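Q:
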Amino acid sequence: MKKSLFISIFVFLMSICSVNALANATAQETTNKVEQKSYEARTLTDLIQSFYKTTGLNAIVNPKIGVKDSHGNQMSLFAQSGGRVIMIIICFLLFYLAIKKGFEPLLLLPIGFGGILANIPIANIAGEHGMLGIIYNMGIANEFFPLLIFMGVGAMTDFGPLLANPKTALLGGAAQFGIFGSLVGAVVLSQFIPGIDFTLQQSAAISIIGGADGPTSIFIASALAPELLGAIAVAAYSYMALVPVIQPPIMKALTSEQERKIKMTSMRKVSKLEKIIFPLVVLVLTLLILPDASPLIGALCFGNFAKESGVVERLSDTMQNSLINIVTIFLGLGVGSKLAAEQFLVAETMGIMVIGLVAFAAGTAAGLIMAKLMNKFSSKDNQINPLIGAAGVSAVPMAARVVSKVGQKEDPSNILLMHAMGPNVAGVIGSAVAAGVLLSIFK
Numbered sequence: 116m117k118k119s120l121f122i123s124i125f126v127f128l129m130s131i132c133s134v135n136a137l138a139n140a141t142a143q144e145t146t147n148k149v150e151q152k153s154y155e156a157r158t159l160t161d162l163i164q165s166f167y168k169t170t171g172l173n174a175i176v177n178p179k180i181g182v183k184d185s186h187g188n189q190m191s192l193f194a195q196s197g198g199r200v201i202m203i204i205i206c207f208l209l210f211y212l213a214i215k216k217g218f219e220p221l222l223l224l225p226i227g228f229g230g231i232l233a234n235i236p237i238a239n240i241a242g243e244h245g246m247l248g249i250i251y252n253m254g255i256a257n258e259f260f261p262l263l264i265f266m267g268v269g270a271m272t273d274f275g276p277l278l279a280n281p282k283t284a285l286l287g288g289a290a291q292f293g294i295f296g297s298l299v300g301a302v303v304l305s306q307f308i309p310g311i312d313f314t315l316q317q318s319a320a321i322s323i324i325g326g327a328d329g330p331t332s333i334f335i336a337s338a339l340a341p342e343l344l345g346a347i348a349v350a351a352y353s354y355m356a357l358v359p360v361i362q363p364p365i366m367k368a369l370t371s372e373q374e375r376k377i378k379m380t381s382m383r384k385v386s387k388l389e390k391i392i393f394p395l396v397v398l399v400l401t402l403l404i405l406p407d408a409s410p411l412i413g414a415l416c417f418g419n420f421a422k423e424s425g426v427v428e429r430l431s432d433t434m435q436n437s438l439i440n441i442v443t444i445f446l447g448l449g450v451g452s453k454l455a456a457e458q459f460l461v462a463e464t465m466g467i468m469v470i471g472l473v474a475f476a477a478g479t480a481a482g483l484i485m486a487k488l489m490n491k492f493s494s495k496d497n498q499i500n501p502l503i504g505a506a507g508v509s510a511v512p513m514a515a516r517v518v519s520k521v522g523q524k525e526d527p528s529n530i531l532l533m534h535a536m537g538p539n540v541a542g543v544i545g546s547a548v549a550a551g552v553l554l555s556i557f558k
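Set out below in C-alpha cells:
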C-alpha cells in the first residue's frame, strides 16, 4: 500500500515537471519566432543614419516642435538650436576669463562647466534626476549651500580691520545702496518693459544682486521668489566673478589721481579678546533686532568664532578649506545648470542681468562717494583713500583685492588691502541685514 502511494506521488511530480518543461520550450520557441520577425537586416548607411539621429549634433541642427526641457516645459526651436550654441560660447568665454585673465576661477570654472552640461541635448543632465538637478535640489533650492558658504567665509575672515577702524563700516553701509537701487529698478522695468512683470516680492529678491552677494541672493530668492532663483543666482555670481572688470572703470571715473594715491595711517592692533567678542555681539544683536537674518549671520559668526577662539583649529581648518571647497564645486555646477538656453535667454532673465549690473555699479559708486564725503569732515592726517569705498560691496575678498591692485597701479608702495577689508566685511554683514529686513517685511 505504501509502495503504491509512493509510486503515485512520484508519477504526479514527474507529470508536473513535464508540463513545465513543455511550457518553457513553447515560450522559448515563441520568443525566438518574435525575435526572428522583429529583426531586419540593415545596411551600413542605415546604421550610420540611425546613430546620427541620436547625436546632439542632430538635435541642434534639426530642432523639433514638442521637445521638452529638463523641467518638462516645451522648448522653442531657437532654444534647441541657436540658443544652445550661444550659451556654450558664453561658457567658453567664462573659461577664458577664469584661465587667461584670472577672474575668480573658483567660481567661473564650475559655473561655465555646469552651463555646458546643462545645454547638452537629449542627456537631460539638468533634470530632476540628472547630476546637475540633484546638486541643485540638494543645496541651492533649499538654501543649504549658502549657509555653508557663509560659515566658510566667516572662518576665513579677519574682522580686525573693521574693529581697528570702525568708521569704515559706513562705507559698507553706503555700498548697500545698490540693493535698494535694484529694488526700484525691478519695479520700474515691470511698469515699462513688455514681457517683464515682477511682483514686489520678486523685485525684493532681485535687489540683493546689487550687493554682489551670491549666497545671500540665493537665500532670499528661495524664500521670496523661488521661480526666479536660477536667474538671480546666475546674475549674482556672474557679477561677483566680474568684479575685476566692472569696478576699476567706476573707481577711476569717480576719483582723482591724487585721491587714489592717498596713503592711510597704519591701523591699531586689535586684541584677541576683541576678535572673540565681536561675532558674539553681532549674533546677539541679530537675535534681538532682526531674527530673520540669523541663519546667514549665525553661520558667518560661527565660522569666525571658531577661528578666533583658537581651540578648534581642526574645525576651523575644515571650514576654511575642505568644506568651502566642496560646497563651491557643487554651488558652481548648480548655478551653471541654470545657464540652459531655454531658461537664460528669456526676457525676465535678461532684465535681471541688466538690473544687477546697474545696481552693482550703483553700489560701487555709492561707496566711493561716501568715502569722499567722509574726507570732507576728516583732518588731513586722517584721510581715507576713496578707493576702499568700492570694497563696501559684499564680494569678499575679491573687491578688497581689486582695490589694492588699482591703488598699487597709482603708487606701488601704497598697500590698501587690509584697509579695504574693513568695508568689505561690513558689506557682507550689511547685505545679510538687508536680506533680513526684506524677509521680515514680506512675512
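The numbers in the sequence shown follow the numbering used here, run straight up by one, and end at 558. Each residue gets a CB set at the ideal place from its N, CA and C atoms; glycine is no exception. Keep in mind the model is a prediction, meaning the values are calculated, not measured.
1. For the alpha helix (DSSP H) containing Ala547, name the first residue and the last one.
2. Under DSSP, the alpha helix (DSSP H) around Glu525 begins and ends at which residues?
3. Three or more C-beta pairs under 8 Å: does that hold for the segment 192-202 against the segment 328-347?
4. For Glu258, which residues in the same chain have their Cβ closer than 6 Å to its Cβ, ignoring the five residues on either side in sequence?
5. Rounded to the nearest angstrom, how far is the Cβ of Gly507 from that of Gly482, given a contact under 8 Å?
6. Quick one, which of Ala348, Leu448, Gly181, Gly425 has its alpha-carbon nearest Asn234's?
7. Taking Lys387 as the reference, give the member of Ser519, Ser424, Leu532 with the closest Cα.
8. Note down, one range per segment and in chain order, each alpha helix (DSSP H) of at least 4 residues found wholly within the segment 449-524.
9. CA-CA distance, Pro501 and Ser371?
10. Could you pull the start and end residues of the alpha helix (DSSP H) that Glu374 belongs to?
11. Below 6 Å CB to CB, which residues in the same chain sit around Met536 once its five sequence neighbours on both sides are set aside?
12. Which residues bound the alpha helix (DSSP H) around Phe313?
13. State buried or exposed for Met253, treating a residue as buried only when at least 16 other CB atoms are found within 10 Å of its CB.
14. For Leu109, which option in Val358, Ile264, Leu172 has the closest C-alpha, if you only look at C-alpha atoms?
15. Per DSSP, Lys183 is paired with what?
16. Compute the Euclidean distance between the alpha carbons of Gly187 and Gln291, then round it to the nearest angstrom.
17. Exposed or buried, Glu463, counting other C-beta atoms within 10 Å across all chains shown (16 or more means buried)?
18. Taking DSSP as the reference, what is the three-state secondary structure of Thr443?
19. Rounded to the nearest angstrom, what separates Val548 and Leu400 at their Cα positions?
20. Is the beta carbon of Ala477 sitting closer than 7 Å to the one on Gly504?
21. If distances are taken between C-alpha atoms only, which option among Ser165, Asn440, Leu411 comes closest to Phe265?
22. Judging by CA-CA distance, which residue of Leu263, Thr170, Gln498 is the nearest neighbour of Met382?
23. Judging by CA-CA distance, which residue of Val360, Ala350, Ser318, Pro330 is the nearest neighbour of Ala340?
24. Taking Ser452 as the reference, which of Glu219, Val182, Leu223, Lys168 has the closest Cα?
25. Apart from the five residues just before and just after Asn419, which ones in its own chain have a Cβ nearer than 7 Å to its Cβ?
26. Exposed or buried, Phe260, counting other C-beta atoms within 10 Å across all chains shown (16 or more means buried)?
27. Name the two residues that bound the continuous alpha helix (DSSP H) containing Gln362.
A: Quick answer:
1. Translated into positions along the sequence shown, residue 547 becomes position 432. It spans 532-556 - the alpha helix (DSSP H) in which Ala547 sits, taken as one unbroken run.
2. Looking up residue 525 in the sequence shown gives position 410. Element bounds for Glu525: 513-525.
3. no
4. Locating residue 258 in the sequence shown gives position 143, where the first residue counts as 1. Excluding positions up to five away in sequence, the list reads Phe334, Ser337.
5. Numbered from 1 along the sequence shown, position 392 holds the residue referred to as residue 507. Numbered from 1 along the sequence shown, position 367 holds the residue referred to as residue 482. With 8 Å as the limit, Gly507 and Gly482 qualify as a contact, their Cβ atoms being about 4 Å apart.
6. The count along the sequence shown starts at 1 and reaches residue 234 at position 119. Among Ala348, Leu448, Gly181, Gly425, the Cα nearest to that of Asn234 is on Leu448.
7. One-based indexing of the sequence shown puts residue 387 at position 272. Measuring from the Cα of Lys387, the nearest candidate turns out to be Ser424.
8. 456-459, 462-491
9. Residue mapping note: residue 501 aligns to position 386 of the sequence shown, counting from 1. Residue mapping note: residue 371 aligns to position 256 of the sequence shown, counting from 1. If you take the alpha carbons of Pro501 and Ser371, they lie about 9 Å apart.
10. Sequence index remark: in the sequence shown, residue 374 carries index 259 (1-based). Counting along the chain, the alpha helix (DSSP H) containing Glu374 begins and ends at 372-375.
11. Sequence index remark: in the sequence shown, residue 536 carries index 421 (1-based). Taken in chain order, the residues that qualify are Pro276, Ala515.
12. Position 198 of the sequence shown, counting from 1, holds the residue named residue 313. It is not in any alpha helix (DSSP H) - Phe313 carries neither H nor E in the DSSP assignment.
13. Along the sequence shown, one-based indexing puts residue 253 at 138. Under this definition Met253 is an exposed residue.
14. Residue 109 cannot be examined here, being either before or after the span of the chain that is shown, 116 to 558.
15. Within the sequence shown, residue 183 is the residue found at index 68, counting from 1. Per DSSP, Gln189.
16. The residue given as residue 187 occupies position 72 in the sequence shown. The residue given as residue 291 occupies position 176 in the sequence shown. Rounded to the nearest angstrom, the two C-alpha atoms are 38 Å apart.
17. Locating residue 463 in the sequence shown gives position 348, counting from the first residue. Buried, since its Cβ has 16 or more Cβ neighbours within 10 Å.
18. Looking up residue 443 in the sequence shown gives position 328. Thr443 falls in the helix class under three-state DSSP.
19. If you number the sequence shown from 1, residue 548 lands on position 433. If you number the sequence shown from 1, residue 400 lands on position 285. Their backbone Cα atoms lie some 11 Å apart in a straight line.
20. Along the sequence shown, one-based indexing puts residue 477 at 362. Along the sequence shown, one-based indexing puts residue 504 at 389. Their beta carbons are not under 7 Å apart, which means Ala477 does not touch Gly504 by this criterion.
21. Here the question's residue 265 lines up with position 150 in the sequence shown. Checking every option, the nearest Cα to that of Phe265 belongs to Leu411.
22. To locate residue 382, count along the sequence shown from 1; it is residue 267. Here the closest residue by C-alpha is Gln498.
23. The residue you call residue 340 lines up with position 225 of the sequence shown. Cα-wise, what sits closest to Ala340 is Ser318.
24. To locate residue 452, count along the sequence shown from 1; it is residue 337. Comparing Cα positions, the closest option is Leu223.
25. Start at 1 with the first residue of the sequence shown, and residue 419 comes out as number 304. Result list for Asn419: Gly269, Ala270, Thr272, Phe274, Pro394, in chain order.
26. Taking the sequence shown and counting its residues from 1, one reaches residue 260 at position 145. Buried is the call here.
27. Residue numbering aside, residue 362 sits at position 247 when the sequence shown is read from its first letter. Counting along the chain, the alpha helix (DSSP H) containing Gln362 begins and ends at 358-369.
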